[in-house]
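See below for the structure under consideration.
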Amino acid sequence: MKENLLKCGVIGVGYLGQHHARIYSELEGNVLAGVFESDADRAREISERHQCPVFSTIEELAETCDAISVVVPTDKHYEVAVPLLKAGCHLLIEKPICETVEQATEILAAANGANALVQVGHIEHFNPVMSYLEEVVTNPKYITAERLAPYQPRGTEVGVVLDLMIHDIGVVLQLVGSEPVDVRSVGVSVLSKTEDIANARIEFANGCVANLNVSRVSSKKVREIRVFQSTGYLSLDFMNQAGHHVAVGLEGLSKNEVPIEKGEPLKLELASFVESVKNRKDPKVGGELGKTALDLAIQITSQIRKTMD
């Protein structure tokens, strides 16, 4: 093994974590140094698939790795992340960063104390659709987003706001670049103990309004966003990485397909994380943005829970 290779590890190699392991094993300039997984059979399967060691404790993995993906359930993020950061590991923590703003504050403090980087897994920020939006959205007035998914037990340790809506919360915060000043939310429980369908209307200090709809009891998958500004509007599909732009011109409205170069968002995300660690630069989606998105998601969740009581 070459000494200049970044040694990467994964904690939790379930449905999503297996892809972190796969991509680390494929990316140039780093090596998949090992995994930790509480399910011994699953750990053995991933180890054999990628020819990497399995570690019996998180502490042993931390001693071996420079950077680690934390891909465990949200309610375990805090207890896993803080010791790793104190050990000096750079972390990519899957979204949301953790369960509470207080925990997020402690995670960031541990990172600062150890001079370690924290990137939060808001994967849509690495979707080519988002790259296009960041180029062309200048002064959004109104944003609508719809994120629907069929029901599955995975992820239901949190409500649909922290499970799905937080993706769009992060996207909107980035695009609007202004402070939320008014939030109004509704939601209902269908199959889980928490909200499975939710809507949030967010008004920002600069006058922009965002309307976010999510459901995890839908018959189909949808990941769409529409952005309206004075020059026209954009209608884009995060899942299919396609869409169109309706522009306002001298001769009226003109509709054009958006030129998007497709790519695997998770691979782009992990490549960006590795680059940030190697070059010691701030991640595109750092801990502060993750904390801000969590804060707003908790506010929305709290409003919903009050109406559900």
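Under this note's numbering, read the sequence shown as residues 5 to 313, first letter to last.
Every residue, glycine too, gets a C-beta built ideally from N, C-alpha and C.
Computed from a prediction, not measured in an experiment: that's the story for all the values here.
- Item | Secondary structure of L300, DSSP reduced to three states | helix
- Query: Quick one: what's got a C-beta closer than 7 Å to A91's C-beta in the same chain, skipping five residues either side?
  - Reply: A66
- Message: Need the endpoints of the alpha helix (DSSP H) that F232 sits in, please.
- Response: No alpha helix (DSSP H) contains F232, which is instead part of the beta strand (DSSP E) from 226-233.
- I147 versus S60: straight-line alpha-carbon distance, rounded: 46 Å
- Message: Using only CA atoms, which one of L89, G117, E110, H81 lies nearest to C102?
- Response: H81
- Query: With a cut-off of 8 Å, do at least 3 Cβ pairs link the region 236-255 to the region 208-216?
  - Reply: no
- Message: Which residue marks the beginning of the alpha helix (DSSP H) containing N34, and which one marks its end?
- Response: It is not in any alpha helix (DSSP H) - N34 instead sits in the beta strand (DSSP E) that spans 34-40.
- Message: Under 8 Å: do the region 134-142 and the region 198-210 share three or more Cβ pairs, one atom per stretch?
- Response: no
- Query: Considering only residues of the same chain and omitting the five flanking positions on each side of E265, which have a CB-CB separation below 7 Å?
  - Reply: P132
- Item | Minimum length 3: unbroken beta strand (DSSP E) runs contained in the region 95-130 | 122-125
- T148 - partner residues in DSSP beta bridges: N215, R230
- Mind the definition here: the region 31-40 touches the region 270-289 only if three or more C-beta pairs lie below 8 Å; say whether that holds. yes
- Query: How is the beta strand (DSSP E) around L257 delimited, first residue to last?
  - Reply: 256-261
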